[in-house]
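Below is the structure:
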């Protein structure tokens, strides 16, 4: 695959998918034995070296009654925000935060620059490199204990789609995580579906939800009513989740993704997890068989160094947003079983 082809793939995937910290709120996530969470705003940079001119919002959660030494760093995909990992439907059924903290991990669930409660600079500033610098600053804060005085010795990157793509740039540059779980980030794609995905996106100022948000036209979002067909597989779709997904949808800065050099220089263990019915990277794709993880592994291995010890898991009857499918518990157990065998919570 040529670099121009890969660039087109990633752009299509994104358009179809895409000082001390300041304490903002400190509500418990739930009563009883649920996670204990606090929300922070971190000053972060967009250039290295550079000044911390932007703000990254994130929620740090601990298991009840303990503070582990390992944190999972949760990075959402394009057109989403941190609600993806802690979705407010189903009383925790669609919450990876709850699953991970129940397994003994801490989680830090961030809003990417240009999304959610994080700052929204001019979209042209939110490049792959800028996003990687900002995410590195957040990881550095976790290790240093900047947020709440508790430093983490181990960090696992957990990305969805765009949140996985950022890992391809950030991890080789900074070598600041101990393992990576990359979801919805395969390299085969369906060109016809990519074209439909592009047509289903438009400038965020044209959308009623963001018309008065002050965003420039380089920020894009999905057109109303299109997320269900692109991001979900009908057999494992809860209509209430799709309705809430439409309500909570976010924007994506279109300058964000430029493919890094292949193979990606990631030298820590990597788990790739895909939905076997992902509309863009599985349905109609011929370079691998999404029903056969060995086939996917054989193809995806070209993008990773041997040191990554690449593993692949494919979730049956599941679309692009695996954490929002009714198979979410299987997704979560797959991620956590690998995590515990690779970097235990402790």
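Numbering (the numbering used here), first residue to last: 101 to 446.
For glycine and all other residues, C-beta sits at the position ideal for the given N, C-alpha and C.
Would you check if the distance between the CB atom of residue 439 and the CB atom of residue 232 is smaller than 9 Å?
The sequence position of residue 439 within the chain shown is 339, counting from 1. The sequence position of residue 232 within the chain shown is 132, counting from 1. The answer is no: Cβ separation not under 9 Å.
Rounding to the nearest angstrom, what Cα-Cα distance links residue 253 and residue 150 in this structure?
The residue given as residue 253 occupies position 153 in the chain shown. The residue given as residue 150 occupies position 50 in the chain shown. Distance between the alpha carbons of residue 253 and residue 150 is about 26 Å.
With 9 Å as the threshold, decide whether the Cβ of residue 258 is near any Cβ in chain B.
Absent from the structure: chain B. Only one protein chain is present.
Take residue 355 and list the residues in its own chain whose beta-carbon comes closer than 8 Å to its own, dropping the five residues that flank it on each side.
Numbered from its first residue, the chain shown carries residue 355 at position 255. Taken in chain order, the residues that qualify are 223, 224, 225, 226, 227, 318.
Going by the CB atoms, is the gap between residue 422 and residue 284 shorter than 9 Å?
Counting from 1 along the chain shown, the entry for residue 284 is found at position 184. Counting from 1 along the chain shown, the entry for residue 422 is found at position 322. Yes, the Cβ-Cβ distance between residue 284 and residue 422 is below 9 Å.
Give every residue of the same chain whose Cβ lies closer than 6 Å to the Cβ of residue 390, excluding the five residues on either side of it in the sequence, and list them in chain order.
By 1-based counting over the chain shown, the position of residue 390 is 290. So the list reads 376, 382, 414, once near-sequence residues are dropped.
Work out the CA separation of residue 446 and residue 176 for me, nearest whole Å.
Against the chain shown, residue 176 aligns to sequence position 76. Against the chain shown, residue 446 aligns to sequence position 346. So the two alpha carbons sit approximately 25 Å from each other.
Please give me, in chain order, every unbroken run of the beta strand (DSSP E) with length at least 3 that falls completely inside the segment 185-231.
The segment 185-231 contains these whole beta strand (DSSP E) runs: 206-210.
For residue 229, which residues from the same chain have a beta carbon less than 6 Å from its beta carbon, with the 5 sequence-adjacent residues on both sides left out?
Numbered from 1 along the chain shown, position 129 holds the residue referred to as residue 229. Around residue 229: no qualifying Cβ.
Going by DSSP, what residue range makes up the beta strand (DSSP E) through residue 138?
For the purposes of this step, residue 138 is identified with residue 38 of the chain shown, where counting begins at 1. Residue 138 -> beta strand (DSSP E) spans 136-144.
In angstroms with no decimal places, state the Cα-to-Cα distance between residue 143 and residue 408.
Here residue 143 corresponds to residue number 43 of the chain shown, with the count starting at 1. Here residue 408 corresponds to residue number 308 of the chain shown, with the count starting at 1. Answer to the nearest angstrom: the Cα atoms are 31 Å apart.
Have a look at residue 265 and residue 357 and give me their C-alpha separation to the nearest angstrom.
By one-based count along the chain shown, residue 265 stands at place 165. By one-based count along the chain shown, residue 357 stands at place 257. Going from the Cα of residue 265 to the Cα of residue 357 covers about 8 Å.
Taking residue 156 as the reference, which of 182, 133, 170, 172 has the closest Cα?
For the purposes of this step, residue 156 is taken as the residue at position 56 of the chain shown. Taking only the C-alpha atoms, the option nearest residue 156 is 182.
Quick one: Cα of residue 437 to Cα of residue 371, how far?
Here the question's residue 437 lines up with position 337 in the chain shown. Here the question's residue 371 lines up with position 271 in the chain shown. Rounded to whole angstroms, residue 437 to residue 371 spans 11 Å at the Cα level.
Which same chain residues, not among the five before or five after residue 168, have their C-beta less than 7 Å away from its C-beta?
By 1-based counting over the chain shown, the position of residue 168 is 68. Closer than 7 Å at the Cβ level, and outside the excluded window around residue 168, lie 204, 205, 206, 445, 446.
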